[in-house]
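Numbering (our numbering), first residue to last: 794 to 1105.
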């Protein structure tokens, strides 16, 4: 998969791009609704003998339009989005820089620069996709904005339990720790990636050695607590449990802490990059007075997590 980072100040050479069918949207999470759009674009590309492409935006439009100054958090930060799209067989990924200049483009100029200029012959998007200044462009206006130079397909909303599958719905579920429901909407477990760092390692004294994960601040995190997790490390899948906290147990600081214990694993994984997949929330976070109390609770957690995996 070739990735092109685009902005008005750094356009791509059109000669680098072959005619393509493009699925366009922000696609945070690449949930089942997004997958329907992307797969439809792939089928159309195969039908027409064109390249498969996806167009996304960075950062999220709300960062620019709301001008809050807050750093956005994503279900799938750009790096994870790239990895998933590569697995889906995408040929081109267009990452368009969302800034005030892009937000001020007329719908016609947006189509000219980012569809026609990139040799897009067919656009696939969800029913609610908009583009151009104040979202004035839509899939309904696209034929006029493109002046007949491309065709398009509109994908209607995907529902689960009579409710639209959306990134907003998934974030709300993460806020309440309902990661099993998130998995149902994504079609895969919710996961975060990070590097194992040497930390306080206090869990070693409770008989449960843990990996302290450096959590990328761009990830949207689930509600703090103890979770049944699987760990992807060097092509292997390990089962275990994770403790996600708003602060370490022994110090009154406010940064996020993620400690992971892998069952039946012996080895040193410091410095390794891994993915932590969240399957089920077991309990809320707690404060403990000593390591003996921690050890007792960890045994209970392990028993519950092992039971969960036996049943699932």
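Heads up, the beta-carbon is just placed ideally off N, CA and C, and yes, glycines get one too.
A check of alpha carbon separations from residue 981 across 872, 1071 and 910 identifies 1071 as the nearest.
If you draw a 10 Å sphere on the C-beta of residue 954, you find fewer than 16 other C-beta atoms in it, and that means exposed.
Pairing residue 849 with residue 879 gives a Cβ-Cβ distance that is not under 8 Å. Secondary structure note for residue 816: its beta strand (DSSP E) is the uninterrupted segment 813 to 817. Taken atom to atom, the span from the alpha-carbon of residue 973 to that of residue 941 is near 45 Å. Within a 10 Å sphere around the beta-carbon of residue 959 sit 16 or more other beta-carbons, which makes this residue buried. Between the alpha carbons of residue 1027 and residue 820 lies a gap of roughly 27 Å.
Residue state for residue 985 is assigned as strand, using DSSP reduced to three classes.
With a cutoff of 8 Å on beta-carbon distance, residue 1022 and residue 975 are scored as not near each other. DSSP places residue 899 in no beta strand (DSSP E); its state is neither H nor E.
DSSP places residue 850 in the strand class (E or B) of the three-state scheme.
Relative to the Cα of residue 1034, the nearest Cα in the group 1049, 1094 and 968 belongs to 1094. Between residue 909 and the set 876, 944 and 877, the nearest pair of CA atoms involves 944. Rounded to whole angstroms, the gap between the alpha carbons of residue 903 and residue 985 is 33 Å. CA-to-CA, the gap between residue 1104 and residue 801 works out to about 52 Å. By the neighbour-count criterion, in which 16 or more other beta carbons inside 10 Å mark a residue as buried, residue 897 falls on the exposed side. In the three-state reduction of the DSSP assignment, residue 938 falls in the helix class. A distance below 6 Å between beta-carbons, with the five flanking residues on each side excluded, links residue 935 to the following residues of its chain, in chain order: 945. A direct Cα-Cα distance of roughly 15 Å separates residue 1005 from residue 1025.
Between residue 851 and residue 888, the C-beta gap is smaller than 8 Å, which places the two residues in contact.
Assigned with DSSP and collapsed to three states, residue 951 falls in coil, not helix or strand. Its chain contains 875, 878, 879, 883, 884, 885 and 886 as the residues whose beta carbon lies nearer than 8 Å to that of residue 794, once the 5 sequence neighbours on both sides are disregarded; these appear in chain order. Burial of residue 827 is indicated by the presence of at least 16 other C-beta atoms within 10 angstroms of its C-beta. The three-state reading of DSSP puts residue 797 in strand, counting E and B together.
Inclusion of residue 1003 and residue 1048 in the CB contact set at 8 Å is not warranted, their separation being larger than that value. By the Cβ-count criterion, residue 844 is buried, with 16 or more other Cβ atoms from all chains shown falling within 10 Å of its own Cβ. Sorting 825, 1097 and 846 by C-alpha distance to the C-alpha of residue 983 places 825 at the top.
In this structure, residue 964 and residue 926 do not form a Cβ contact; the two beta carbons are roughly 27 Å apart against a cut-off of 8 Å.
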